[in-house]
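In the working numbering, the protein residues as written are 27 to 235.
Scroll down for the structure; my scribbles are underneath it.
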Amino acid sequence: MMDMSKTEDKTKSHPAAPASSEPAKGPAPASKSEPPAESAAALQSKLSEYENDLKRLAAEFDNYKKRVEKEKAEARARGKAEALAPFLEMAETFEQALAHAEKKEGSSMKEGLVLLHRKLHSILASCSVREIECKGLPNHAYHDVMLQVPGTPDGEIAQCLRKGYVMGEYVLRPAQVAVFAAEPKEKKEEENKGGSSEPRQSEEKKSRQ
Numbered sequence: 027m028m029d030m031s032k033t034e035d036k037t038k039s040h041p042a043a044p045a046s047s048e049p050a051k052g053p054a055p056a057s058k059s060e061p062p063a064e065s066a067a068a069l070q071s072k073l074s075e076y077e078n079d080l081k082r083l084a085a086e087f088d089n090y091k092k093r094v095e096k097e098k099a100e101a102r103a104r105g106k107a108e109a110l111a112p113f114l115e116m117a118e119t120f121e122q123a124l125a126h127a128e129k130k131e132g133s134s135m136k137e138g139l140v141l142l143h144r145k146l147h148s149i150l151a152s153c154s155v156r157e158i159e160c161k162g163l164p165n166h167a168y169h170d171v172m173l174q175v176p177g178t179p180d181g182e183i184a185q186c187l188r189k190g191y192v193m194g195e196y197v198l199r200p201a202q203v204a205v206f207a208a209e210p211k212e213k214k215e216e217e218n219k220g221g222s223s224e225p226r227q228s229e230e231k232k233s234r235q
């Protein structure tokens with residue numbers, strides 16, 4: 027009984043706090059974010075700039091890869107050209123020997139030279155090597171004009187002085203050629219006049235005698 031009375035006394039001396047009429051304060055609501063300083067149009071403009079930069083970088087990288095591949099192909103072609111150079115000289119020597127053997131009747135070396143020459147040309151053909159054509163107007167990428175000879179058509183190739191060869195599109199050795207050079211009309215007219223005056227002079231001398 028003593029314990030219960032003590033409990034009641036404590037309750038009376040410390041009454042429960044009255045319920046507050048104000049609602050409980052929770053965490054403060056987040057403040058509304060400020061509107062972006064840049065408009066949508068400005069953001070779209072920046073996005074377009076980034077896209078253009080990416081396209082430019084992609085194009086530059088693509089050009090770089092193409093340039094590297096081209097340099098590799100040129101390096102391989104130069105290596106093949108250096109390896110094939112002695113064969114070109116050999117083919118030229120065989121052709122000269124064949125021309126010399128054909129002038130001699132009953133030459134026993136001719137058949138052997140013909141066989142070797144054919145074999146050499148088959149080796150060159152297997153490497154995509156072919157002779158440069160020497161006709162029509164010269165192409166400075168494939169022909170070296172060494173001299174001019176009188177004749178027509180003016181400027182066209184008159185003679186192949188040394189054969190040239192290409193491997194695909196790569197020039198192993200340009201052909202050396204001579205081209206026609208037509209004489210000027212003035213020079214021809216002067217020569218004709220000079221030639222026609224000689225008979226007249228001889229006729230005048232005869233009449234004086």
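Glycine residues also receive a C-beta, built at the ideal position from the N, C-alpha and C atoms.
Everything numeric in this text was worked out from a predicted model, so none of it was measured.
Exposure label - residue i; buried when at least 16 CB within 10 Å
i: Val203; result: buried
i: Ser223; result: At Ser223 the pLDDT is 49, less than 50, meaning the model places this residue with poor confidence and gives no usable figure here.
i: Arg199; result: buried
i: Met27; result: Summary for Met27: the model assigns pLDDT 47, below 50, so the residue's position carries little reliability; its value from the coordinates is reported in the next sentence. Exposed: under 16 other Cβ atoms inside 10 Å.
i: Ala117; result: buried
i: Ala67; result: exposed
i: Leu150; result: buried
i: Ala184; result: buried
Presumed contact (8 Å Cβ cut-off) between residue i and residue j, rounded CB distance
i: Ala201; j: Ile158; result: 5 Å
i: Leu139; j: Phe120; result: 6 Å
i: Tyr191; j: Leu114; result: 6 Å
i: Gln174; j: Ala207; result: 4 Å
8 Å Cβ cutoff met for residue i and residue j
i: Val197; j: Pro164; result: no
i: Cys160; j: Leu110; result: no
Euclidean distance between Cα positions of residue i and residue j
i: Glu75; j: Ser65; result: 16 Å
i: Arg156; j: Gly177; result: 29 Å
i: Asp88; j: Arg102; result: 21 Å
i: Pro225; j: Met172; result: Caution is warranted here: a pLDDT of 49 is assigned to Pro225, below 50, making its placement in the model unreliable, and no coordinate value can be reported.
i: Glu128; j: Ser134; result: 11 Å
i: Glu195; j: Lys98; result: 15 Å
i: Ser71; j: Arg93; result: 33 Å
i: Ser148; j: Gly162; result: 27 Å
i: Lys130; j: Leu146; result: 23 Å
i: Tyr90; j: Lys96; result: 10 Å
i: His143; j: Ala84; result: 51 Å
i: Asp180; j: Arg104; result: 35 Å
i: His126; j: Pro112; result: 21 Å
i: Asp79; j: Leu73; result: 10 Å
i: Glu182; j: Lys136; result: 34 Å
i: Asp170; j: Glu86; result: 37 Å
i: Met193; j: Glu100; result: 12 Å
i: Glu209; j: Lys189; result: 27 Å
Cβ-heavy atom distance, residue i to the ligand MN, below 7 Å
i: Asn165; result: Absent from the structure shown: the ligand MN. Ligands present: none.
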